[in-house]
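Participant:
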Amino acid sequence: MTAAAPPAPPLGPWSPLRLRVFRGLWIAGFVSNIGTTMHTVGAGWAITDLSDSPAIVSLVQTAWAIPGFIFAVPAGVFADVIDRRKLLLVCQVTAMLFAAALGVLEMTDQLDVPMLLTGTFLLSIVLTMAGPPFMALIPDLVGPEELTQAIGLNNISYNGSQSVGPALAGVVIAAAGAGAVFMLNAVSFLGIVFVLWRYRPERPGPTSDERAWDAMRTGFRYFRDRPILRRYAWRIMLAFITTSSMVALLPAVARTRLDTSAGEFGMLAAGFGVGAVLAVWLLPRVRHLASPDGLVFGSALVWAVGAAVVGLTTWLPLAVLGVLLTGAAAMATMNITYSMFMLLLPAWIRGRASSVVMLMVWLGASIGGIGWGAAANAIGIGEALLVAAASHVLIAAAITRWMRLAPEQPHA
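Throughout the sequence shown, residue numbering follows the numbering used here, covering 947 to 1358 in sequence.
1. Using 8 Å for Cβ pairs, my map puts P1000 next to A1322. What's the rounded Cβ distance?
2. What are the start and end residues of the alpha helix (DSSP H) that includes I1327?
3. I'd like the list of long-range same chain contacts for R1350, defined as Cβ closer than 7 Å, with 5 residues on each side in sequence excluded.
4. Assuming M1183 contacts L1309 (C-beta within less than 8 Å), just tell me the rounded distance between them.
5. Leaving aside the five residues before and after G1328 along the sequence, list all residues of the same chain whose C-beta is less than 7 Å from its C-beta, in chain order.
6. Exposed or buried, V1232, counting other C-beta atoms within 10 Å across all chains shown (16 or more means buried)?
7. Leaving out the 5 sequence neighbours to the left and right, which residues in its chain are closer than 6 Å to A1185 when beta-carbon positions are compared?
8. Scan the stretch 1094 to 1143 and note each continuous alpha helix (DSSP H) run of 4 residues or more that stays entirely inside, going in chain order.
9. Per the contact definition of three or more C-beta pairs closer than 8 Å, is the stretch 977 to 985 in contact with the stretch 1140 to 1149?
10. What beta strand (DSSP E) runs, 3 residues minimum, are completely inside the stretch 1266 to 1298?
11. Under the assumption that M1075 contacts F1044 (Cβ atoms under 8 Å), give the Cβ distance between them as a whole number of angstroms.
12. If we count Cβ pairs, one from each stretch, closer than 8 Å, do we get three or more for the stretch 1299 to 1319 versus the stretch 1159 to 1179?
13. Could you tell me which of A1246, P1020, A1194 and M1306 sits nearest to G1315, measuring between CA atoms?
14. Using alpha carbons as the reference points, say which of P1013, P1079 and D1086 lies closest to L1063.
15. From A1324 to F1015, what does the alpha carbon distance come to, in whole angstroms?
16. Ordered along the chain, which non-local residues of its own chain (more than five positions away) have a Cβ less than 6 Å from that of A974?
17. Assuming contact is defined by CB atoms lying nearer than 8 Å, are L1087 and L971 in contact in what I supplied?
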């Protein structure tokens, strides 16, 4: 009689990293995420060198957001009809070329506003197309018992890069200019290319075009026929219209109101990521204190305070605190609303419904980027942020009154 095998050790939050391919892809993805956040800071700083108009400066946010609105759902379809590994390889190489082109243009003093906005727009298209196949690849790399941990590690990668990337970008801009940031972003894609080039999946990629397009239509019909799902999507979009004001106007705030150096701007922008990480840590500890709607409204008040501080102050440390508050509050609102939205969905529709929600996120960010830039041109940057703060509270009050996060059972 043979001895029983010892029980498997419990799976911890870091357990997927023991798997070689996932570990390599996670590390490479973290580096790439840092490069991407560095790019957004570099683009925001570069455009303030090219224009002093808040409306023009805010178009960087719009150029980054519009592809998400246009391509979020088609990206999910492509992930279902094209070999995901090959699609990701094409996306990473293309993104590397776009980032390098922007770097060369900036370093040779040939970069202008249309080129910067076009390059940012094209880079965002490629990264939008890469998102769904990247997420869809994860279940192929880890077992079902470790999928939750793997998704959690991806969230750590994203939020961590939001904290590290802007600060690094500020240092690099101060030392070598925005062009060097764009070139480093190009280099940051090489890790994913290397890992994917060596990875050979055991299962072939999807091939059925008709099935995927039919699935997309089914997803839209499911969403259309359930008012509660549309309610959640509208809530998310309305929140992003106002919260996008901070991202869109922060480069102009840093350059014209705070008179920051590039390094100080990086530290200021890093407040978003630090705040998001704090919100992720704090939310489980405060969920019992109020209803979901109460927490969302409380988050709106925190966001409004942060935006008002940034709009009023000319002292950098206080502005950093304001940005941190807005980053934490925006993350809390999205976390609460999106998690409750997912609980309403049966498993078979979650991917497509999530794509529709991301479409609404980017729609809100696109509208906000254009609208708050125009408002800042008309009434001033600080005044526009104060209007955004007041609008955010009013919208939060309205949606928590008439578009409540009701605990309803998932639809069949």
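The beta carbon of each residue, even a glycine, is placed where N, CA and C say it ideally should be.
Facilitator: This is what the structure holds:
1. As a working mapping, residue 1000 is identified with position 54 in the sequence shown. As a working mapping, residue 1322 is identified with position 376 in the sequence shown. With 8 Å as the limit, P1000 and A1322 qualify as a contact, their Cβ atoms being about 4 Å apart.
2. Here residue 1327 corresponds to residue number 381 of the sequence shown, with the count starting at 1. Residues I1327 to W1348.
3. Counting from 1 along the sequence shown, the entry for residue 1350 is found at position 404. Same-chain partners within the cutoff: D1239.
4. By 1-based counting over the sequence shown, the position of residue 1183 is 237. By 1-based counting over the sequence shown, the position of residue 1309 is 363. With a Cβ gap of about 6 Å, M1183 and L1309 count as contacting.
5. Your numbering for residue 1328 matches position 382 in the sequence shown. These residues qualify, in order along the chain: R1203, G1257 and L1258.
6. Residue mapping note: residue 1232 aligns to position 286 of the sequence shown, counting from 1. Around the beta carbon of V1232, fewer than 16 other beta carbons lie within 10 angstroms, which makes this residue exposed.
7. The residue you call residue 1185 lines up with position 239 of the sequence shown. Same-chain partners within the cutoff: T1279.
8. 1124 to 1134
9. These segments do not touch.
10. none
11. Residue numbering aside, residue 1075 sits at position 129 when the sequence shown is read from its first letter. Residue numbering aside, residue 1044 sits at position 98 when the sequence shown is read from its first letter. Between F1044 and M1075 the Cβ distance is about 12 Å, and since that is not below 8 Å, they are no contact.
12. Proximity of the stretch 1299 to 1319 to the stretch 1159 to 1179 meets the contact definition, three or more beta-carbon pairs being nearer than 8 Å.
13. On the sequence shown, residue 1315 is found 369 positions in, with the first residue counted as 1. The shortest Cα separation from G1315 among A1246, P1020, A1194 and M1306 belongs to A1194.
14. Start at 1 with the first residue of the sequence shown, and residue 1063 comes out as number 117. If we check each option's Cα against that of L1063, P1013 comes out closest.
15. Start at 1 with the first residue of the sequence shown, and residue 1324 comes out as number 378. Start at 1 with the first residue of the sequence shown, and residue 1015 comes out as number 69. The straight-line gap from Cα to Cα measures roughly 26 Å.
16. Within the sequence shown, numbered from 1, the residue matching residue 974 stands at position 28. Cβ within range, chain order: G1137, I1138 and V1141.
17. Your numbering for residue 1087 matches position 141 in the sequence shown. Your numbering for residue 971 matches position 25 in the sequence shown. Going by C-beta atoms, L1087 is nearer than 8 Å to L971.
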